[in-house]
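This report refers to the structure that appears directly beneath it.
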Amino acid sequence: MSWLVADICAVQVFLVSTPFVIGNFDVASEPSVPLLVAGSTVIAIGIAESASRSLLTTALTMAIWAYGCSNLAGVENPFTIFNLDYLLVEWALAAAVRRLVVGSARNTDTATAAVNAAHVASEVSDARRRYEREQWALMHDTAASTLLMVGQASALNTARLAEQAKRDIAAIELVPHPDDEGPIDLVPMLRDICTECVTPVQFVGRNELDVDPIIGRAITAATREALNNVDRHSNATVAVVSIEEHAISVKDDGVGFDCASDLSTTRHGIRNSIVGRLRDVHGEATITSEPEMGTDVEMTWTDNATVETSVDHDKSEIDIARILHRYGYGLVTVAVVVALLGTIPMWSGHSPLGWKAELLVAFDIAAAVVAAAAIRRPVPGLALWQLAVICTAPAQQLMIDAGHLTDIEGIKIATTWTLVALTFRSTPRKSLLLLAGGWFLACAVELVRSPTRETAAILGCDIAGIAFVQGIAIIFVVLLRSGWSQWRELAHQYARISALQAINQALQRDYYRRYEELSRSVVPLLRGLADRTLSPCDPGMRARALIDAARLRRLFAQSDSFDHPLLQELRPSIDRAEAEGVNVTFDIAAALPELTDDARCELLAAPMLLLARSRSQARIVVTTGPGSVTLSVVCDCTAEARNAVEGLPNTARFELTTLGELTWIKLHHTLIESTGQLQL
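Okay, so the sequence shown: first residue is 1 according to our numbering, each after it adds one.
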């Protein structure tokens, strides 16, 4: 800030010294070096600082320069200084550029943050799913092995099998639950815990309370520990569990203890299982107790203050498009305002062009209207308007005597600003070339008509003070478009990541649903083996064990392969076959290529028919080779099923082999790489 103030002060000192800097230069009718310095200051401060600060600096600059010029010849009042009012136009343009560019950058930064957060969330989610599946697979390997031994009649030691089944049940009960996206109802979980307590429990308070899954599991575990302490230590006649919006209390009428003693801090259950668990979810556990007065455990928490990483891309895209359009309209406004400022000499009756000046201003405004219409959509004949404006710039110099060329500087500047507005939809190179062409023709004609040093100096000031600013305005269009393009790319990345996340979450939910279904089927079998109410020698028991073992191994060992759309579409047929008592085994390649919808339909039509008609067993093998996918099915299906397969229209190339009651079909699909995708 100190350097900024120093710069502004230096500029003001220079401007107040205008009479000593320019001597007899006519600042009333010609551009000058102080004008360039003042304009550069206004633009630089307008882009770098807030609108209020830059406006204050602009007003100060105009006032100081007007004061510095007040004693010069020909300056009757500040409004007679050439282009003093143009400094306000430059400030408005710079302030608008800053506002729009900052808005575009803010939207781009928001999209970047959202994409980065989505990447992190995706990686965390993938890591969590891998961990969950590893844990589930590890804990269920034993259960699958137990069931496989029963199904294959390899475990005849009933006592050992019972112990192994008990171990498997304990492992299943320890399987972690995935963190669902939505909240969970805490009340049913607490009611289940209360039913496990030996001491009578009264449950009071809310009937529903949705909380974050992580918070819910922490509170549930802490409440279970508090009730365990009631059973073990309190000798209470009743315990009361009270649940409110962000608080749960477990109160008993037992013997209590002295909170001032070391007991409350040394007990593992209190320190870790209650206080530690609440602290881990940014909650708090308060334990109040007195001897013979019972104990009150109060747990409080707050909702997780998560950072919102999503972004409304439809709204953001509209916002960025609106920013770009506003900038275009800003250029049109500048062109119109500068054109109107060029009419001031006409009002005073001092315009050397007479009625021609009115015609030129009207033409500039008409061209600005065309430029405004072309901001949102292409306008036919826009190139002709651009060419007409370029030709108008030198034509103005031919409409007036050579001695009055400097009197139409305002109209020339208005015409070039109109050209800038007309090139809004053009490429950066074309826009800059058109602007350079317009200025080159105008300057060339003016130099030919008035080949003096003064004319060259004036044109140099015009190019440095006006053309340079117009070029910067075009470059800012490029920056805004670049920001828009970058934002759209980020939006596409975010959409791809979000879609992938949604697919993975849907697959995970389906995976967990199947896991729960299997648990409901497997646990009764294991309990029957553990308490010896089910015999491992029973044929029906063996068949059920084989089917459930295969389902477990498919769920855990080949989970990644079954996420492929081909296997996802085949899975319902496998489920129906297993529901009919068919033992389905499989061998799936680790990485399957992408397949089109038509390719998957042709590959799966025959296997689905055979699985639906299988009697007791089926084996599915999917392999990949260089440029091909092979799917084979071996099953004991009926002859009608084989005939139905042979009658399928437009099936993929296949080989059908029959050996007794066994049918083996082998389907081949050739992958053809086309436009970056694999197609049939």
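Just so you know, even glycine gets a beta-carbon here, dropped at the ideal spot from N, CA and C.
Quick check on this structure: which residue in the options has the alpha carbon closest to the alpha carbon of residue i?
i, options, result
"residue 215", "225, 239, 550 and 283", "283"
"residue 63", "454, 87, 47 and 448", "87"
"residue 158", "231, 285 and 538", "538"
"residue 634", "607, 255 and 545", "607"
"residue 653", "604, 572, 240 and 640", "604"
"residue 413", "544, 373, 465 and 426", "465"
"residue 416", "429, 442, 572 and 167", "442"
"residue 328", "420, 183, 383 and 209", "420"
"residue 527", "68, 161, 37 and 89", "161"
"residue 376", "392, 333 and 424", "424"
"residue 332", "93, 303 and 581", "93"
"residue 197", "622, 213, 225 and 207", "225"
"residue 589", "613, 621, 572 and 612", "621"
"residue 291", "257, 303 and 468", "257"
"residue 326", "372, 106 and 338", "372"
"residue 476", "671, 324, 299 and 583", "324"
"residue 151", "670, 617 and 545", "545"
"residue 164", "671, 670, 523 and 574", "523"
"residue 110", "642, 488 and 568", "488"
"residue 364", "411, 299, 583 and 330", "411"
"residue 303", "571, 209 and 463", "209"
"residue 641", "594, 612, 655 and 657", "612"
"residue 426", "392, 409 and 481", "481"
"residue 594", "567, 581, 100 and 585", "567"
"residue 330", "97, 531 and 433", "97"
Alpha carbon to alpha carbon, what distance is there between residue j and residue i?
i, j, result
"residue 102", "residue 281", "38 Å"
"residue 370", "residue 422", "8 Å"
"residue 268", "residue 275", "For residue 268, the pLDDT reaches just 48, beneath the cut-off of 50, and the residue's location in the model is therefore unreliable, leaving the point undetermined."
"residue 431", "residue 449", "27 Å"
"residue 266", "residue 541", "Bear in mind that the predicted position of residue 266 carries a pLDDT of just 48, short of 50, making it unreliable; the figure below should be weighed with that in mind. Roughly 50 Å between the two C-alpha positions."
"residue 447", "residue 455", "7 Å"
"residue 6", "residue 16", "15 Å"
"residue 381", "residue 459", "31 Å"
"residue 220", "residue 301", "13 Å"
"residue 233", "residue 194", "17 Å"
"residue 648", "residue 609", "10 Å"
"residue 3", "residue 89", "26 Å"
"residue 306", "residue 204", "No answer about residue 306 holds up, because its pLDDT of 41 lies below 50 and its placement is not dependable."
"residue 13", "residue 20", "11 Å"
"residue 322", "residue 337", "22 Å"
"residue 68", "residue 484", "44 Å"
"residue 366", "residue 479", "28 Å"
"residue 670", "residue 148", "37 Å"
"residue 675", "residue 597", "Caution applies to residue 675, whose pLDDT of 36 falls short of 50 and renders its modelled position unreliable; the value that the coordinates give is listed next. Their Cα atoms are separated by approximately 17 Å."
"residue 453", "residue 34", "18 Å"
"residue 294", "residue 206", "24 Å"
"residue 583", "residue 577", "8 Å"
"residue 451", "residue 385", "30 Å"
"residue 657", "residue 211", "58 Å"
"residue 547", "residue 586", "12 Å"
"residue 231", "residue 530", "28 Å"
"residue 469", "residue 85", "16 Å"
So residue i and residue j are in contact, right, with Cβ under 8 Å, and what is the actual spacing, rounded?
i, j, result
"residue 278", "residue 222", "6 Å"
"residue 394", "residue 445", "4 Å"
"residue 42", "residue 61", "6 Å"
"residue 727", "residue 636", "This structure does not reach residue 727, given that the chain is present from 1 up to 680, and the question cannot be answered."
"residue 38", "residue 65", "5 Å"
"residue 439", "residue 467", "5 Å"
"residue 143", "residue 552", "6 Å"
"residue 624", "residue 592", "6 Å"
"residue 255", "residue 235", "5 Å"
"residue 298", "residue 247", "6 Å"
"residue 565", "residue 600", "6 Å"
"residue 46", "residue 10", "Not confirmed; about 18 Å, so no contact."
Using a Cβ cut-off of 8 Å (strictly closer), state whether residue i contacts chain D.
i, result
"residue 607", "Judged by its chain identifiers, the structure shown contains no chain D, having just a single protein chain."
For this session: Mind listing, in chain order, the continuous beta strand (DSSP E) runs of no fewer than 3 residues lying wholly within the region 606 to 641?
Result: Entirely contained in the region 606 to 641, the beta strand (DSSP E) runs reaching 3 residues are, in chain order, 614 to 625 and 628 to 637.
Exercise. Just checking, does the region 629 to 643 make contact with the region 659 to 667 on the three C-beta pairs under 8 Å criterion?
Worked result: The answer is yes - the region 659 to 667 touches the region 629 to 643, with three or more Cβ pairs under 8 Å.
For this session: For the region 189 to 204 and the region 225 to 243, state whether three or more C-beta atom pairs, one from each stretch, are separated by less than 8 Å.
Result: In this structure the region 189 to 204 touches the region 225 to 243; the number of beta carbon pairs closer than 8 Å is three or more.
Problem set entry | alpha helix (DSSP H) runs wholly inside the region 217 to 288, at least 4 long, in chain order | Taken in chain order, the complete alpha helix (DSSP H) segments of 4 residues or longer contained in the region 217 to 288 are 263 to 266 and 277 to 280.
For this session: Return the chain-ordered ranges of every alpha helix (DSSP H) run that is complete within the region 388 to 434 and spans a minimum of 4 residues.
Result: If we require 4 residues or more, the alpha helix (DSSP H) runs fully inside the region 388 to 434 come out as 409 to 422.
For this session: Please go through the region 427 to 505 and give each complete alpha helix (DSSP H) segment of 4 or more residues, from N-terminal end onward.
Result: If you keep only unbroken alpha helix (DSSP H) runs of at least 4 residues inside the region 427 to 505, you get 428 to 449 and 453 to 462.
Problem set entry | Start-end ranges of the alpha helix (DSSP H) lying completely within the region 519 to 607, minimum 4 residues | Listed in chain order, they are 539 to 557 and 565 to 579.
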